[in-house]
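In this note's numbering, the protein residues as written are 64 to 394. For each residue, glycine too, the CB sits at the ideal point set by N, CA and C. Just so we're clear, the structure is a prediction, and the values are computed from it rather than from any experiment. These notes concern the structure reproduced below.
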């Protein structure tokens, strides 16, 4: 893997970033990126970077917080030396229109660096721009992304640079990415000055993962409990029995039951079921997979058993969940 494509050529003027604001984009991923560029200009005393905001229609784009941004233009041609940053957010599949995909494929042929921030990695993958590459996306969208884009090597990294394609996990991951690009363009000293201005004390790299560790997430630091939960998360489609889980970490099934009751106030079986149903809910709301295929992907042998478990946990059926979500997105 190489990231030399993001380096500027000697003697060039300001590098231009083209922010493509998708409908319902996440404000944090956009503002984090553009603020890093602004501060780099300020701290250097020179205009190192320029940026413009574009989107379909060329008038305004609305973020997921309901705030409208005035655009500088429509989806026009970009230069090979530009860096194109797509900013995604809620219902990225709905925001990924045929016109946007056609524009992306056409402009990609020129060879610019193209990045997908937050959920916009989906848009890049849909356009075929991530085929055979490593990528990342917000953890909430990882299950659906992995099911739909098998030709992409999905990681849990904060950001991934693979040639002239970049993806981030969203949120403050934009800061980490921009600090990396600034450091490559103008040195670590300037990147560190930008980080200080942002009060950003823990700069992450592409080796860092986006989610909190299991002990931090569940609020419990017990190595065997963490190991069992990790195995559960990695084996959703083919669930492992509690007895096998217990054996794998060197304890009896009864000891495992007591461990889960003590720290998580539920049985291992119940906890595992909640993990599987959580993945199922993501797939129902983020993909067009049939309910049967969602059930199989989450370790349920039959749709009826899946529906029964889903209703017991979410007080609705998988079919109604999908219908309600579709209506909510349209309105």
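Quick one: grab the DSSP three-state call for residue 326.
-> helix
Straight-line Cα distance separating residue 294 from residue 90 | 35 Å
Starting from residue 361, follow its DSSP beta bridges and name the residues at the other end.
-> Paired residue(s): none; residue 361 is not in a bridge.
Use the C-beta contact count for residue 394: other C-beta atoms within 10 angstroms, 16 or more gives buried, fewer gives exposed.
-> Residue placement at residue 394 is flagged as unreliable, the pLDDT there being 43, under the threshold of 50; a coordinate-derived value is accordingly withheld.
Specify the secondary structure class of residue 78 as computed by DSSP and reduced to three states.
-> strand
Helix, strand or coil for residue 369 per DSSP?
-> helix
For my contact list, residue 116 and residue 135 are in at a C-beta cut-off of 8 Å; report their separation, rounded to the angstrom.
-> 5 Å
Could you have a look at residue 116 and say whether DSSP puts it in helix, strand or coil?
-> strand
Extent of the continuous beta strand (DSSP E) to which residue 179 belongs | That run of the beta strand (DSSP E) goes 176-180.
Does DSSP put residue 160 in a helix, in a strand, or in coil?
-> In the structure shown, residue 160 falls within a coil segment according to DSSP collapsed to helix, strand and coil.
For residue 379, which of helix, strand or coil comes out of DSSP?
-> coil
Comparing alpha-carbon positions, which option in 259, 365, 344 lies nearest residue 383?
-> 344
Taking one C-beta from the region 87-104 and one from the region 244-253 each time, how about it: are there three or more such pairs within less than 8 Å?
-> yes
May I ask you to report which of helix, strand or coil DSSP gives residue 392?
-> Interpretation of residue 392 is limited by its pLDDT of 46, a score under 50 that renders its predicted location unreliable; the figure taken from the coordinates is listed afterwards. Three-state result, residue 392: helix.
DSSP three-state assignment for residue 229, whether helix, strand or coil = strand
What are the boundary residues of the alpha helix (DSSP H) that includes residue 334?
-> 331-349
Under a three-way DSSP split, which group does residue 208 fall into?
-> helix
CA-CA distance, residue 357 and residue 380?
-> Taking the Cα positions, residue 357 is about 13 Å away from residue 380.
Secondary structure of residue 84, DSSP reduced to three states | strand
Quick one: grab the DSSP three-state call for residue 133.
-> DSSP places residue 133 in strand when its eight states are reduced to three.
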